[in-house]
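At position 434 of the sequence shown the residue is numbered 434 (the numbering used here), and the sequence of numbers has no breaks.
Cβ atoms here follow ideal geometry from the backbone N, Cα and C, with glycine treated the same way.
Written out below as structure tokens is the structure these notes cover.
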Amino acid sequence: MEATGTDEVEKIKSKFMSAWHNMKYSWVLKTKTYFSRNSPVFLLGKCYHFKTDESGELSTDGSNFDKINAEISGNVEEFRKDFISRIWLTYREEFPQIKGSALTTDCGWGCTLRTGQMLLAQGLMLHFLGRAWVWPEALDIDNSDSESWTAHTVKKLTASFEASLTAEREPKILSNHHQGTLKRNCDDNEMRNEVYHRKIISWFGDSPLAAFGLHQLIEYGKKSGKIAGDWYGPAVVAHILRKAVEEARDPELQGVTVYVAQDCTVYSSDVIDRQCSLMDSGKADTKAVIILVPVRLGGERTNMDYLEFVKGILSLEYCVGIIGGKPKQSYYFAGFQDDSLIYMDPHYCQSFVDVSIKDFPLESFHCPSPKKMSFKKMDPSCTIGFYCRTVQDFEKASEEITKMLKSSSKEKYPLFTFVKGHSRDYDFASSPLHEENDLFSEDEKKRLKRFSTEEFVLL
């Protein structure tokens, strides 16, 4: 009876916290984000120019398109379409209870897991869709810049909630006109892309069966001493993502692997070994690799000397973003303009969407508006990500990034390095590719715990 009473208290506490976080993270006013007309905007390797003869700023909500010429309007629209097409993963509520807890929401503690998911999602989008892909319906999303989050939240969460409960398909994303157009004009490639678009999002669904969903990531995090409700640092999340990809059983994911740098060092032979490892089917083929590099951009505060390097990294098309943020808040950094970083914010509580339903609503997985933050406000603890499809791509990327590291480094030592050979050649324990009895080796556990204690600010 006592145990039952304790469980009831925990459930009531969980519901109370869920209600509080829902109010805290959903019912806030959304401010517009302005971009300079005179500086290029970079988004994951793509460059957009909004330059006009007039000085000043413009908003990306399209409200002042009539004030600027058609060419600039087109560039703004292309940028908006590209940004909105990135997968946005935020706090959710009322999802299936997390094993070993009474939690049905990650509000207030899961932001770094969400930004890690966004980075991995971008890597998978590069792998299956390519960098040129944009969601055809991106500009049909209601722009929340012109209204408060309150009104926008009601519309969005009501739609998601109804769709999840009833599975009735009166599509919120595709109007009848668009449906007819797609049926007439979509070629096989467009249909294939839409299938992968939905499949990638479904891998991040908030259910125990989703390969990269919150439930699975928390299970892997337990091996490093983390539990649901804990703060997760960007370095710990990098290792959790690696393990999640390693353990994924979907045949589509067998062609992708993740490598996490050891002590700010990427060992080239270890990366290539991962790319050339056999797939579960026994097929001998090279895998694409997502390289994650946990770094610190300074001591307790970010060192401004690293600004140009960070901008250089975000200018590369094979960059999949940065898991970072500011103290106590994690953001997914995807671009920049001047000295400001462009990011997607996971601190927005949305309703659970059942991604197992056919034609589940997509709108809540795409961010309608970018945010900007000064680089100097960035927390120094972060994880940088790259995607390389082939061994040749990795070798080319390592050369390019090494040159960038040398040219941008004012310090004696670069932020991180690429080293030829295996980690074992330098007396470091090499992490095994497959472990039968434990998800993390003893060496990995020690490293993960060290990351958790050494980060000055846990995001």
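Helix, strand or coil at residue i [DSSP, three-state]
{"i": "Ser423", "result": "helix"}
{"i": "His434", "result": "Note that His434 has pLDDT 38, beneath the 50 cutoff, so the model's placement of it is unreliable and the number below is only indicative. Coil at His434, not helix or strand."}
{"i": "Thr105", "result": "strand"}
{"i": "Ile218", "result": "helix"}
{"i": "Cys111", "result": "helix"}
{"i": "Glu93", "result": "strand"}
{"i": "Ile384", "result": "strand"}
{"i": "His366", "result": "strand"}
{"i": "Lys372", "result": "strand"}
{"i": "Val353", "result": "coil"}
{"i": "Leu278", "result": "coil"}
{"i": "Trp149", "result": "Caution applies to Trp149, whose pLDDT of 39 falls short of 50 and renders its modelled position unreliable; the value that the coordinates give is listed next. Trp149 falls in the helix class under three-state DSSP."}
Whether residue i touches residue j by CB criterion (8 Å)
{"i": "Phe42", "j": "Ser315", "result": "yes"}
{"i": "Tyr387", "j": "Val320", "result": "yes"}
{"i": "Gly385", "j": "Ile290", "result": "yes"}
{"i": "Tyr332", "j": "Leu119", "result": "yes"}
{"i": "Thr105", "j": "Arg114", "result": "no"}
{"i": "Ala288", "j": "Leu44", "result": "no"}
{"i": "Leu253", "j": "Ala211", "result": "yes"}
{"i": "His215", "j": "Lys99", "result": "yes"}
Residue i to residue j span [Cα, whole Å]
{"i": "Gly123", "j": "Trp88", "result": "13 Å"}
{"i": "Cys462", "j": "Phe336", "result": "The structure shown does not extend to residue 462, since the chain is modelled only from 1 through 459, so no value can be given for it."}
{"i": "Asp438", "j": "Glu137", "result": "Confidence at Asp438 is low in this model, with a pLDDT of 44, below 50, so its placement is unreliable and the value that follows should be read with caution. Looking at the two C-alpha atoms, the distance is approximately 43 Å."}
{"i": "Glu168", "j": "Pro361", "result": "With a pLDDT of 36 at Glu168, under the threshold of 50, the modelled position of that residue is not reliable, and no figure is offered here."}
{"i": "Glu363", "j": "Ile201", "result": "11 Å"}
{"i": "Arg296", "j": "Arg192", "result": "40 Å"}
{"i": "Asp393", "j": "Glu77", "result": "31 Å"}
{"i": "Asp379", "j": "Gly110", "result": "17 Å"}
{"i": "Ser356", "j": "Trp203", "result": "10 Å"}
{"i": "Ser381", "j": "Pro40", "result": "27 Å"}
{"i": "Asp354", "j": "Leu103", "result": "17 Å"}
{"i": "Leu405", "j": "Gln97", "result": "44 Å"}
{"i": "Gly130", "j": "Tyr318", "result": "10 Å"}
Start-to-end residues for the beta strand (DSSP E) that takes in residue i
{"i": "Tyr196", "result": "Where Tyr196 is concerned, there is no enclosing beta strand (DSSP E), although the alpha helix (DSSP H) it sits in stretches over Asp188 to Trp203."}
{"i": "Asp211", "result": "The question names Asp, yet the displayed sequence has Ala at residue 211. Premise fails: Ala211 is in no beta strand (DSSP E) and is neither H nor E."}
{"i": "Val310", "result": "Not the beta strand (DSSP E): Val310 falls in the alpha helix (DSSP H), residues Leu307 to Leu314."}
{"i": "Val245", "result": "Looking at the DSSP string, Val245 is not in any beta strand (DSSP E); the run it does join, the alpha helix (DSSP H), is Pro234 to Glu247."}
{"i": "Ile357", "result": "Element bounds for Ile357: n/a, residue is neither H nor E."}
Beta bridge counterpart(s) of residue i as assigned by DSSP
{"i": "Val271", "result": "Its beta-bridge partners do not exist; DSSP assigns none."}
{"i": "Thr257", "result": "Val289"}
{"i": "Glu84", "result": "Here residue 84 turns out to be Ile, not Glu, going by the sequence shown. Paired residues: none, contrary to the question."}
{"i": "Leu43", "result": "Lys46 and Gly335"}
{"i": "Arg301", "result": "Arg301 is not bridged to any residue."}
{"i": "Arg296", "result": "Ser381"}
{"i": "Phe418", "result": "Val266"}
{"i": "Leu120", "result": "DSSP output for Leu120 lists no bridge partner at all."}
Endpoints, alpha helix (DSSP H) assigned at residue i
{"i": "Gln392", "result": "Val391 to Ser408"}
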